[in-house]
Amino acid sequence: REKIRAVGGEDRCLGRVEVWHRGSWGTVCDDSWDMRDAEVACRQLGCGPTVSALHEAAFGEGTGPIWLEQVECRGTEPSLQDRWARPGDRGACRHK
Numbered sequence: 046r047e048k049i050r051a052v053g054g055e056d057r058c059l060g061r062v063e064v065w066h067r068g069s070w071g072t073v074c075d076d077s078w079d080m081r082d083a084e085v086a087c088r089q090l091g092c093g094p095t096v097s098a099l100h101e102a103a104f105g106e107g108t109g110p111i112w113l114e115q116v117e118c119r120g121t122e123p124s125l126q127d128r129w130a131r132p133g134d135r136g137a138c139r140h141k
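Numbering (our numbering), first residue to last: 46 to 141.
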């Protein structure tokens, strides 16, 4: 099972979403982040229903690699990790 965590919030179900990939924690780009993506993350974290999908570094600026970009879930997927960012990919996403 893929590792996922929420960082910077008051409990394990609130915060900036980060995923473990290639031996390090990295962030998820929020450019297209919405409630469907948050539903999948909350389910992966073992949390209750999704309340909101915040943007613009609401829980502090991320560091390290941006492992997921343009997640675009339907809300029914078991995992966020179906679209890894490619190393060297010059996507538009940057840490804010």
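By construction, the Cβ of each residue, glycine as well, lies at the ideal position given by its N, Cα and C atoms.
Contact under 8 Å by Cβ, residue i with residue j
i: residue 82; j: residue 116; result: yes
i: residue 62; j: residue 47; result: no
i: residue 98; j: residue 76; result: no
i: residue 84; j: residue 54; result: no
i: residue 71; j: residue 110; result: yes
Buried or exposed by the 16-neighbour rule on C-beta atoms within 10 Å, applied to residue i
i: residue 86; result: buried
i: residue 73; result: buried
i: residue 125; result: buried
N-terminal and C-terminal residue of the alpha helix (DSSP H) that residue i is part of
i: residue 86; result: 80-90
For residue j and residue i, believed in contact at Cβ under 8 Å, the rounded distance
i: residue 106; j: residue 66; result: At roughly 19 Å, the Cβ-Cβ gap does not stay under 8 Å, so residue 106 and residue 66 are not in contact.
i: residue 92; j: residue 118; result: Not really, about 15 Å apart at Cβ, beyond 8 Å.
i: residue 60; j: residue 104; result: 5 Å
Residue i: first and last residue of the uninterrupted beta strand (DSSP E) it sits in
i: residue 69; result: 69-73
i: residue 105; result: That residue, residue 105, is in no beta strand (DSSP E); it is neither H nor E in DSSP.
i: residue 51; result: 49-53
i: residue 116; result: Unbroken run through residue 116: none, as it is neither H nor E.
i: residue 66; result: 60-66
C-alpha gap between residue i and residue j, whole angstroms
i: residue 56; j: residue 96; result: 14 Å
i: residue 100; j: residue 50; result: 16 Å
i: residue 108; j: residue 114; result: 15 Å
i: residue 90; j: residue 137; result: 27 Å
i: residue 127; j: residue 94; result: 22 Å
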